[in-house]
Amino acid sequence: AQKITQTQPGMFVQEKEAVTLDCTYDTSDQSYGLFWYKQPSSGEMIFLIYQGSYDEQNATEGRYSLNFQKARKSANLVISASQLGDSAMYFCAMREGWSQGGKLIFGQGTELSVKP
Amino acid sequence: DGGITQSPKYLFRKEGQNVTLSCEQNLNHDAMYWYRQDPGQGLRLIYYSQIVNDFQKGDIAEGYSVSREKKESFPLTVTSAQKNPTAFYLCASRTGINYGYTFGSGTRLTVV
């Protein structure tokens, strides 16, 4: 069964430093997509970055980059130059195959706290 | 502006009552999804619909029902059969492109 694992329930980082949030996944599909979302205390889900299984380059979006290691089935999120506003829950998610409705499967999340 | 509207933001239900959570989108998205989130947990899929008049159960469908009579609307009913309905409910929709998922702002349901 497809599964997403985030092993860090909580992380602390000093403002302006970089932080890596871990995500491993399990799937037998050849075609899949990996996402990272940010959820502040308000509850909204904010899309951060996407990586397709056939993409050869690691995805980047501003201060966010996705360290995609296909053989290891990992898709870690790297946030550079952390800001106080980065404090939130972060979820890794995987899109299942389109034949299964394109559903997103989520990990348990990592709560990131940025210290001034 | 296009987006997903969920209402109400907060909902209180007495035990034994059915309640309906609204989800409306004006993005012309075909697929819509309902997720449940418990405190400190990830999102779990309740139901999803890929086209009008069709929907499928997700991982935790027991005690919930949905309808998809219009492309824009995908309401979720939490029935009295759902034993622990207190949670945060998120609705989402998707275009055909990979990163085209859009989420609503959620409804917090509390049983009193």
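Chains as they are written, first to last, in my numbering: chain W, -10 to 105; chain U, 8 to 119. From the three backbone atoms N, C-alpha and C, an ideal C-beta is built for every residue, glycine too.
Query                                                                                                                                                                 : Result
Taking the beta carbon of SER69/W as the centre, do at least 16 other beta carbons fall within 10 Å, making it buried, or is it exposed?                              : exposed
Just to make sure I have the definition right: I need the residues of chain U whose C-beta is within less than 8 angstroms of the C-beta of LYS106/W. Which are they? : The shown model of chain W, from -10 to 105, leaves out residue 106/W, and the question about it has no answer.
Considering only the alpha carbon of each residue, which of TRP25/W, GLN3/W, PRO105/W lies closest to ARG84/W?                                                        : TRP25/W
Which residue wins for smallest C-alpha separation from GLN188/U, given the options HIS36/U, THR114/U, THR86/U, CYS98/U?                                              : Residue numbering for chain U in the displayed model covers 8 to 119; residue 188/U lies beyond these limits and cannot be assessed.
Determine whether the beta carbon atoms of PHE110/U and MET78/W lie at a separation below 8 angstroms.                                                                : no
Scan the segment 20 to 43 of chain W for residues whose Cβ lies nearer than 9 angstroms to a Cβ of chain U and list them as they occur along the chain.               : GLY22, PHE24, TYR26, GLN28, SER31, GLY32, GLU33, MET34, ILE35, PHE36, ILE38, TYR39, GLY41
Where do the ends of the beta strand (DSSP E) carrying CYS30/U lie?                                                                                                   : 26 to 32
When the Cβ atoms of the segment 6 to 14 of chain W are set against those of the segment 38 to 48 of chain W, are three or more pairs found closer than 8 angstroms?  : no
Can you list, in chain order, the residues of its chain whose CB lies under 7 angstroms from that of THR12/U, leaving out five sequence neighbours each side?         : GLU31, GLY111
Since TYR71/U meets chain W, which of its residues come closer than 8 angstroms, beta carbon to beta carbon?                                                          : In chain order: nothing, as chain W lies at least about 16 angstroms away.
From THR(-4)/W to THR99/W, what distance separates their C-alpha atoms?                                                                                               : 8 angstroms
Once DSSP output is grouped into helix, strand and coil, what is the label at GLN40/W?                                                                                : strand
Answer yes or no: does any C-beta atom of chain U fall closer than 8 angstroms to that of GLN97/W?                                                                    : yes
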